[in-house]
Amino acid sequence: MKKHLNITAAQVGEESLPYPFLPPMGARAPVLFVILIIGVLVGCSSPSVRFGYVATGQGIYAFRMDSQTGAGTLVFGSPFVTAIAPNTAASPSSVLVHPSNHFLYAANQNTNTISTFKINPTTGALTEVLPRTALITSSGGVGLSPGVMTMDGSGKFLFVGNQVTNDIWVYSIGSSGGLTFVSSSLLGASPTGLTLSASGGLLYVPVETFSAIYVFSVSSGTLTQVGAPLIVNGGVGQLGIDPGGKLLYVPNPSLNTVTVLNIQSDGSLTAGPGLFAAGTTPVAAATNTSGAFLYVANSGSTNLSQFQIDSATGVLTPITASVAGTGTDPEFITVDPKGKFIFVINVRSNTITEFTINKNGSLATTGNSLQLNVVPRSFSITR
-15 MKKHLNITAA QVGEESLPYP FLPPMGARAP VLFVILIIGV LVGCSSPSVR
35 FGYVATGQGI YAFRMDSQTG AGTLVFGSPF VTAIAPNTAA SPSSVLVHPS
85 NHFLYAANQN TNTISTFKIN PTTGALTEVL PRTALITSSG GVGLSPGVMT
135 MDGSGKFLFV GNQVTNDIWV YSIGSSGGLT FVSSSLLGAS PTGLTLSASG
185 GLLYVPVETF SAIYVFSVSS GTLTQVGAPL IVNGGVGQLG IDPGGKLLYV
235 PNPSLNTVTV LNIQSDGSLT AGPGLFAAGT TPVAAATNTS GAFLYVANSG
285 STNLSQFQID SATGVLTPIT ASVAGTGTDP EFITVDPKGK FIFVINVRSN
335 TITEFTINKN GSLATTGNSL QLNVVPRSFS ITR
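Listed below in structure tokens is the structure:
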């Protein structure tokens, strides 16, 4: 949140002069210049506090996050629930903060709906905007069990993966946060994740059942499949993507490796520099904001593999400066949009481990991991 200063001359060094007796305008010019500079600098500074949101079976837990240390304090009113009688079992499977920081979206798996929440910019509290968006089209199409979600960087489109109907639904996002159905596309089985290119023009969808990756081009929210699904040896987890749109990183849970694929100009995938050893049962991958480093969550060995990425070839070189231990069964990685932190969701220890990213790409624990009394399913943080 921006801070605005309301400073009088007395506050900047003229304590002996009440306001009506300020010096002439010429004498005041340096003072006013200082006031102007201070006001601009404070108004343009980044907020010292941000808000993090965790999807759980009990509702959405909100945390007030210190931008410097990562320390989280539970927001009053948490968990914010999405249940309305008779749908008392409604619970979000995933959450996403809009780039504007004004809205949060929650996929309600048990009620086949998407909730839109307004975010209080001061407290971080959530207020649901009703009615919810039901996954039903005007022509009678139905989406069942919404799970994974993603959003383009400009906040214009929301992508939802449905676990039972095995499809992807796309919604446009209005200026007031409202959702309007745009298109849908079928898959052969349930989507494991959704990964958009930085431009928002390509969508990559891993399907664990087939050990395959579907590729879609995106134009104004309409999906067009690019070629046949690519089969990947060793299974597929949640994908990481190069911010430059040239490389895709695929965790292979059965082989304990990461496959690096090349992205062609049309979005299709071809063989890259090969396989690289990870920890035990790698399930999720993510790059830092610059694309210089790759992090892989290993659910079997309860840690993160850390790699430096060769920008020219995509070759991965392990970073051995530190061991990034996590909680039990790390399943998901969220990268701080500002590039300072990485958050790892540990589904069996009910925690979210926080790391800071060092200049050489190695990770250091902050000591401020979030403790929950329920399984965390998804995490999203304001910018």
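The numbers in the numbering used here rise by one with no breaks, and the one at position 51 of the sequence shown is 35. Ideal Cβ positions, reconstructed from N, Cα and C, are used throughout, including at glycine.
Could you check the C-alpha separation between residue i and residue j for me, to the nearest Å?
i, j, result
"residue 149", "residue 132", "13 Å"
"residue 187", "residue 42", "31 Å"
"residue 172", "residue 351", "42 Å"
"residue 176", "residue 364", "18 Å"
"residue 166", "residue 304", "46 Å"
"residue 231", "residue 246", "5 Å"
"residue 66", "residue 99", "7 Å"
"residue 154", "residue 203", "11 Å"
"residue 47", "residue 212", "42 Å"
"residue 117", "residue 163", "7 Å"
"residue 349", "residue 338", "6 Å"
"residue 310", "residue 33", "25 Å"
"residue 236", "residue 220", "5 Å"
"residue 222", "residue 343", "25 Å"
"residue 294", "residue 301", "8 Å"
"residue 242", "residue 114", "42 Å"
"residue 182", "residue 318", "15 Å"
"residue 156", "residue 57", "33 Å"
"residue 192", "residue 214", "12 Å"
"residue 290", "residue 124", "46 Å"
"residue 284", "residue 127", "33 Å"
List the residues that DSSP assigns as beta-bridge partners of residue i.
i, result
"residue 289", "280"
"residue 81", "88"
"residue 224", "233"
"residue 156", "141 and 164"
"residue 262", "Paired residues: none, contrary to the question."
"residue 302", "291"
"residue 246", "231 and 254"
"residue 169", "152"
"residue 213", "Answer is none; residue 213 lacks a bridge partner."
"residue 50", "33"
"residue 186", "201"
"residue 130", "146"
"residue 180", "187"
"residue 270", "279"
Identify whether residue i lies in helix, strand or coil by the three-state DSSP scheme.
i, result
"residue 193", "helix"
"residue 146", "strand"
"residue 330", "strand"
"residue 313", "coil"
"residue 275", "coil"
"residue 102", "strand"
"residue -13", "Because the pLDDT of residue -13 is 37, which lies under 50, any placement of that residue in the model is unreliable, and the question is left without a value."
"residue 114", "strand"
"residue 348", "strand"
"residue 199", "strand"
"residue 325", "strand"
"residue 93", "coil"
"residue 339", "strand"
"residue 63", "coil"
"residue 362", "strand"
"residue 355", "strand"
"residue 55", "coil"
"residue 76", "strand"
"residue 27", "Note on residue 27: pLDDT 38, under 50, position unreliable in the model; the coordinate value appears next. Looking at residue 27 - three-state DSSP - the assignment turns out to be helix."
"residue 124", "coil"
"residue 207", "strand"
"residue 308", "strand"
"residue 107", "coil"
Might you give, ordered along the chain, the residues of its own chain that have their beta carbon closer than 8 Å to the beta carbon of residue i, omitting 5 neighbours on each side?
i, result
"residue 111", "101, 102 and 104"
"residue 60", "107 and 109"
"residue 84", "139"
"residue 93", "75, 76, 77, 129, 130, 131 and 147"
"residue 40", "63, 75, 76, 356, 358, 359, 360 and 361"
"residue 323", "272, 273, 274 and 341"
"residue 158", "164"
"residue 353", "311, 335, 336, 337 and 338"
"residue 333", "311, 312 and 313"
"residue 297", "257"
Excluding the 5 residues preceding and the 5 following residue i in the sequence, name in chain order all residues of the same chain whose CB lies nearer than 7 Å to its CB.
i, result
"residue 251", "186, 199, 201 and 210"
"residue 224", "233, 269, 270, 271 and 278"
"residue 28", "Residue placement at residue 28 is flagged as unreliable, the pLDDT there being 40, under the threshold of 50; the coordinate-derived value follows with that caveat. Around residue 28: no qualifying Cβ."
"residue 205", "141, 154, 156, 166 and 167"
Please confirm whether residue i has its beta-carbon closer than 7 Å to some beta-carbon of chain C.
i, result
"residue 95", "Given the protein chain composition of this structure (a single chain), no chain C is represented."
Using a Cβ-Cβ cut-off of 6 Å (strictly less than) and excluding sequence neighbours within five positions of residue i, which residues of its own chain qualify?
i, result
"residue 170", "151"
"residue 316", "268 and 329"
"residue 366", "34, 35, 81 and 85"
"residue 54", "325, 338, 350 and 352"
"residue 30", "Because the pLDDT of residue 30 is 47, which lies under 50, any placement of that residue in the model is unreliable, and the number read from its coordinates should be weighed accordingly. Around residue 30: no qualifying Cβ."
Relative to the ligand ZN, is the shortest distance from any of its heavy atoms to the C-beta of residue i smaller than 6 Å?
i, result
"residue 114", "Annotation note on the ligand ZN: not contained in the displayed structure, which lists no ligands."
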